[in-house]
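Comments concern the structure below.
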Amino acid sequence: MSSSESLFARAQQLIPGGVNSPVRAFRSVGGAPFFTRSAKGATLTTADGKELIDFVCTWGPAIHGHNHPRIKAAIAAALENGTSFGTPNPYEVQMAELIVKFFPSIQKVRMCNSGTEATMSAIRLARGFTKRDKIIKFAGCYHGHSDSLLVAAGSGALTHGNPDSAGVPAAFARETVVLSYNDVAALNAGFAANPGQIACVILEPYIGNVGFIKPDAGYLQAVRKACTANGAVLIFDEVMTGFRLARGGVQEIERIVPDLTCLGKIIGGGLPVGAFGGRADIMDLLAPLGPVYQAGTLSGNPLALAAGIAALQLLDELKPYAKLDALGRQVCAAALAAAKAKGIPLQAPQAGSMFSLFFTPTPVRDLPTALASDAKLFGKFFHACLADGVYLPPSAYESWFLSTAHEGAAVDRACEIITKAIKSL
Ligand code: KE4
């Protein structure tokens, strides 16, 4: 069997950067990525036969650990009946009933195939509902790679954005206003500078894509209030946090009712999935009922939904959130103790099974304070952990994840390795 090195050499001949998603290329931490041969529980086994305790969890879906027997069995059972029908299927009804049960703000829901599709479609829906074109997003929040969302704060920061990727037309970017997160004054100024023009505000209620960042007390309530006052749709992008931090996501924890919610990752049990849902008066504008078009060949795919239903049923049975929070606290406490002993400044924001380590003396509360952390030192830390068998997100600006399978030996071993790595810096 080829090793990671030979696989990567071949991959780079045919796949841009040798990867099918940029963060996997290790560009942010240096070195070459390993290839994974298999995964089980808290562990990845690489193409080189190395076992790694995994703190990426395939970027969120594997909340029950990899290759959970219940999810595997659900996929196998669905597979007996075929892989895709292109017609409505019973799993779609069961999944919709589960999502609506766990997320009271979601009265109707549409399945799709990725988080990108979910947020792109939710924005189109908000624009169709309000008949407005502009949207507000926040610096650092990532919502997938649709054109309206690959936008950075523009020169006219309060009125329009600039493309954040080649290939995004300036005309598209101008419709996106990018503001700073955790800044109520900036949000109110954004609305004031665009009176009656903002279709929606989209945000990660707890950010996972700058590393993990929590909102200031009262911030989410202020966002809700500003959207209501300005007739803008509030979209919670809970692709990462949905079912991960609580059965009903951040909106359950913070008791906020968004107008639309985007989901993904966990609801597919590791298979391709996305979903968006919310107020019925907005969702009913979707084709075939209404004028907002959205579609997908594999939307509601029976295998993906069978896996996702098994994952959600397991969450309902196990109610693992207190345990996941204890595991997250255990890892952060070990890292903070090691950093203190070493005299290295470290921040370790955490909620449940999402957390990050930022090498900086300043609490991280938005993109600038995250970027002020020492990414180079994180790279050194990343490779010290990897060498000893712990795989962290290959970027200082990503949330870590853990699963119920990390409990016990895996998390204890990982804490030892993280402690040793910090001491070696
Ligand atoms: P996908 O299109 O990758 O399924 O979902 C996009 C998305 C939307 N919203 C949030 C809050 C997300 O975190 C994501 C995707 N998360 C990244 C992790 N930073 C996926 C990893 C990757 O891009 O390879």
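Heads up, the sequence shown is in the numbering used here, so the first residue is 1 and it goes up one at a time. The C-beta atom is built at its ideal place from N, Cα and C for all residues, glycine as well. Quantities reported herein were computed from a predicted structural model and do not represent experimental measurements.
For Glu51, write down the residues that DSSP places opposite it in a beta bridge.
Thr45
Hey, could you find the ends of the alpha helix (DSSP H) Cys385 is sitting in?
Looking at the DSSP string, the run of the alpha helix (DSSP H) that includes Cys385 is Ala375 to Ala387.
Is Gly352 near the ligand GDP, with its Cβ less than 7 Å from a heavy atom?
This structure lacks the ligand GDP; the ligands present are the ligand KE4.
Can you tell me which residues form a DSSP beta bridge with Trp400?
Phe355
Along the chain, which unbroken stretches of the beta strand (DSSP E) at least 3 residues long are found entirely within the segment 269 to 299?
274 to 278
Looking at the ligand KE4, does it come within less than 7 Å of Met95, judged from the CB to the closest heavy atom?
When distances are taken from the beta-carbon of Met95 to the heavy atoms of the ligand KE4, even the shortest one reaches 7 Å or more.
Secondary structure at His406, three-state DSSP: helix, strand or coil?
helix
Using the C-alpha atoms, what's the distance from Gln251 back to Asp133?
26 Å
Please name the residue in Val210, Thr369 and Arg247 whose C-alpha comes closest to that of Pro394.
Val210
Report yes if the CB atom of Ala311 is closer than 8 Å to the CB atom of Ile266, and no otherwise.
yes
Alpha carbons only, please: which of Gly156, Asp183, Leu234 and Arg413 is nearest the one belonging to Val177?
Gly156
Can you list, in chain order, the stretches of the beta strand (DSSP E) that have 3 or more residues and sit fully within the segment 192 to 268?
198 to 203, 233 to 237 and 260 to 264
CA-CA distance, Thr360 and Leu425?
14 Å
Cβ of Asp54 within 8 Å of Cβ of Ala73?
no
How would you label Phe34, buried or exposed, when you count the other beta carbons within 10 angstroms and need 16 or more for buried?
Phe34 comes out buried.
Would you kindly work out how many angstroms separate the C-alpha atoms of Ile106 and Cys141, rounded to a whole number?
Between Ile106 and Cys141, the C-alpha separation is close to 22 Å.
Contact defined as beta carbons within less than 8 Å: I believe Asn113 pairs with Val273. What is the distance between those atoms, to the nearest angstrom?
Between the beta-carbon of Asn113 and that of Val273 there is about 7 Å, and that keeps the pair under the 8 Å contact cut.
With distances taken from CA atoms, which of Gly154, Lys137, Lys323 and Gly144 is nearest Asp183?
Lys137
Three-state secondary structure (DSSP) at Tyr391?
strand
Please confirm if the segment 372 to 389 is in contact with the segment 292 to 303, defined as three or more CB-CB distances below 8 Å between the two stretches.
no
Residues in the same chain with beta-carbon distance under 8 Å from Gln94, minus the five sequence neighbours each way, listed in chain order, please.
Leu305 and Ile309
Could you pull the start and end residues of the alpha helix (DSSP H) that Phe129 belongs to?
Gly115 to Thr130
Take the Cβ of Glu398 as the centre, count every other Cβ of all protein chains shown within 10 Å, and call the residue buried at 16 or more, exposed below.
buried
Tell me the DSSP secondary structure of Ala348 in three-state form.
Coil.
Is Gly111 near the ligand KE4, in the sense that its beta carbon is under 7 Å from a heavy atom of that ligand?
Inspection of the sequence shows that residue 111 is occupied by Met rather than by Gly. Incorrect: Met111 has no Cβ contact closer than 7 Å to the ligand KE4.
Considering only residues of the same chain and omitting the five flanking positions on each side of Thr159, which have a CB-CB separation below 7 Å?
Val177, Ala193 and Asn194
Nearest to Asp48 by alpha carbon, out of Leu150, Ser4 and Ala11?
Ser4
Closest to Gly343 by C-alpha separation, out of Leu285, Thr362, Ala351 and Ile422, would be which residue?
Checking every option, the nearest Cα to that of Gly343 belongs to Ile422.
Would a C-beta distance cut-off of 8 Å place Gly290 and Asp284 closer than the cut-off?
yes
Return the first residue and the last residue of the beta strand (DSSP E) that Leu303 is part of.
Taken as a continuous stretch (DSSP letters only), Leu303 belongs to no beta strand (DSSP E), being part of the alpha helix (DSSP H) at Pro302 to Leu318.
Taking the beta carbon of Pro104 as the centre, do at least 16 other beta carbons fall within 10 Å, making it buried, or is it exposed?
exposed
In chain order, what residues of the same chain have a beta carbon less than 6 Å from the beta carbon of Asn89, not counting five sequence neighbours either side?
Pro302
Just to confirm before moving on: does the CB-CB distance between Pro345 and Val364 stay below 8 Å?
no
In this structure, how does DSSP classify Phe102 when only helix, strand and coil are distinguished?
helix
Please list, in chain order, all residues of the same chain as Ala222 whose beta carbon is under 6 Å from its beta carbon, the five residues on each side excluded.
Taken in chain order, the residues that qualify are Val184.
Does Leu44 pass the burial test, meaning 16 or more other C-beta atoms within 10 Å, or should it be called exposed?
buried
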